[in-house]
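The structure appears right after this line, and notes come after that.
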Amino acid sequence: MLVFILRRFFSSLVVLFCVVSLTFLLVRLQKGGPFDREKEPPPHVKAELEKKYRLDGSVWDQLGAYLWTFVVHRDPGISLKYRDLTVTEILSQKLPNSLTLGACAFLIASIGGVAFGFIAALKRDSWVDVSAMFFALGAISIPTFITGPLLIAMFGLWLGWLPIGGFETWRHLILPAICLGLPFLAYVARLTRNSLLDVMSQNYMRTAKAKGLDDSTALMRHALKVAILPVVTYLGPMAAYVLTGSFVVESVFNISGVGMVFVNGIQNSDVFLLCSAVIVYSALLVFFNFAVDVTYTFLDKRIKLHG
């Protein structure tokens, strides 16, 4: 296990290095400089920024300066758009909002998806199964920029049950969490149902039912633990996506999170802020994929982690 963790740690560093380097180069290869779209700072400030980050040099000089400053001095730089704030200050303000929203969406998607999939598999080919899969198909097909306004119109404006925007109390989280988690809930439900039906067709499941177990007991005791493996695989990247926020959902519900930081960084060519947002996203993605690999060994003892 220790060898596997060390190997995964160093491979993760290589992945992060490649992702950040590619992001930096793509942003800096755009037309225009970092000060072209806004009012230029005072000459002495501009000269200091150009000297520190080599902004007047080639893109390779800039990349080297950025990586050196980030790795050696643990300084992710400053925002070229919001010059009174460092990148660390901006992300520390925005990240908690995205993490809270993402955690709620993750719980809705994972628990609700497994429950829907289990019930659909248990009631295969019944109206319950057809209704659940029709609901899942609709949730996947309808984009969040339509789902969000529909939820606001129904539960916020028409029924008046929930607030329609902002990030103040737990009630403000309900609608955006449902909007963000609904497509993932649908994917998890379909994965769970299909995986359970596949496991139920195996010989050992027929043997279990021949011994007198009813369908629900056989599913819970023998099938769910094996059928959940594809779902666990999907939960890793899903967690990274929902925890780092969604620009669409954050925009619709007026929530200031990492998703909006990411898009604003692209629009403003704010290269240091954008690279830091990418690092956060990539680190979460690598961590949750690692957590999925470890979880596999507990769910299926036949799987071994080799260094």
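Numbers given in the numbering used here equal positions in the sequence shown, counted from 1, plus 136. The C-beta atom is built at its ideal place from N, Cα and C for all residues, glycine as well. Treat the numbers as computed from the prediction; the structure is a model and nothing was measured.
Per-residue DSSP class, three states only, for residue i
i: Thr205; result: helix
i: Thr280; result: helix
i: Thr343; result: helix
i: Ile300; result: coil
i: Ile444; result: Given that the chain is displayed from residue 137 to residue 443, the structure contains no residue 444 and the question cannot be resolved.
i: Thr305; result: coil
Cβ-based burial, residue i [other Cβ within 10 Å; buried from 16]
i: Ser214; result: What sits at residue 214 in the sequence shown is Ile, not Ser. By the neighbour-count rule (16 or more Cβ atoms within 10 Å), Ile214 is buried.
i: His308; result: buried
i: Tyr377; result: buried
i: Thr280; result: buried
i: Gly238; result: buried
i: Gln198; result: buried
i: Gly249; result: buried
i: Tyr417; result: buried
i: Val207; result: exposed
i: Thr305; result: exposed
i: Ser147; result: exposed
i: Val430; result: exposed
i: Leu216; result: buried
i: Phe145; result: exposed
Closest by C-alpha distance to residue i, when choosing among the options
i: Ala201; options: Phe160, Thr236, Cys240, Lys230; result: Phe160
i: Tyr218; options: Ala257, Phe408, Thr205; result: Phe408
i: Lys230; options: Arg357, Ile282, Phe423, Ser382; result: Ser382
i: Pro319; options: Ile276, Thr305, Pro285, Arg326; result: Ile276
i: Val324; options: Lys347, Val368, Asp351, His358; result: Val368
i: Phe332; options: Lys361, Trp196, Ser392, Met290; result: A quick correction: the sequence has Leu, not Phe, at residue 332. Taking only the C-alpha atoms, the option nearest Leu332 is Lys361.
i: Leu371; options: Gly284, Gly193, Leu158, Phe426; result: Phe426
i: Ser405; options: Ser148, Leu158, Arg164; result: Arg164
i: Ile288; options: Phe270, Leu311, Val266, Leu273; result: Leu311
i: Ala375; options: Thr236, Phe271, Trp297; result: Thr236
i: Pro232; options: Ser392, Gln403, Val422; result: Ser392
Nonlocal neighbours in the same chain, by C-beta distance under 7 Å from residue i, ignoring five residues either side
i: Asn390; result: Gly301, Gly302
i: Ile244; result: Ala313, Ile314, Gly317, Leu321
i: Ile415; result: Leu152, Val156
i: Leu258; result: Asp351, Ser352, Leu355
i: Ser246; result: Val324, Leu371
i: Gly193; result: none
i: Ala344; result: Ala354, His358
Cβ neighbours of residue i in the same chain (closer than 6 Å, five flanking residues each side left out)
i: Phe398; result: Ala413
i: Ala241; result: Ala313, Leu316, Gly317, Val378
i: Leu295; result: none
i: His252; result: It is Phe, not His, that sits at residue 252 in the sequence shown. Cβ within range, chain order: Ala268, Ala325.
i: Val335; result: Ala359, Val362, Ala363
i: Val384; result: Thr280, Phe281
Cβ neighbours of residue i in the same chain (closer than 8 Å, five flanking residues each side left out)
i: Leu420; result: Ala375, Ala376, Leu379, Thr380
i: Val428; result: Val368, Thr369, Leu371, Gly372
i: Tyr340; result: His358
**Asked** Counting Cβ pairs closer than 8 Å, one from the stretch 408-417 and one from the stretch 220-227, do we hit at least three?
**Response** yes
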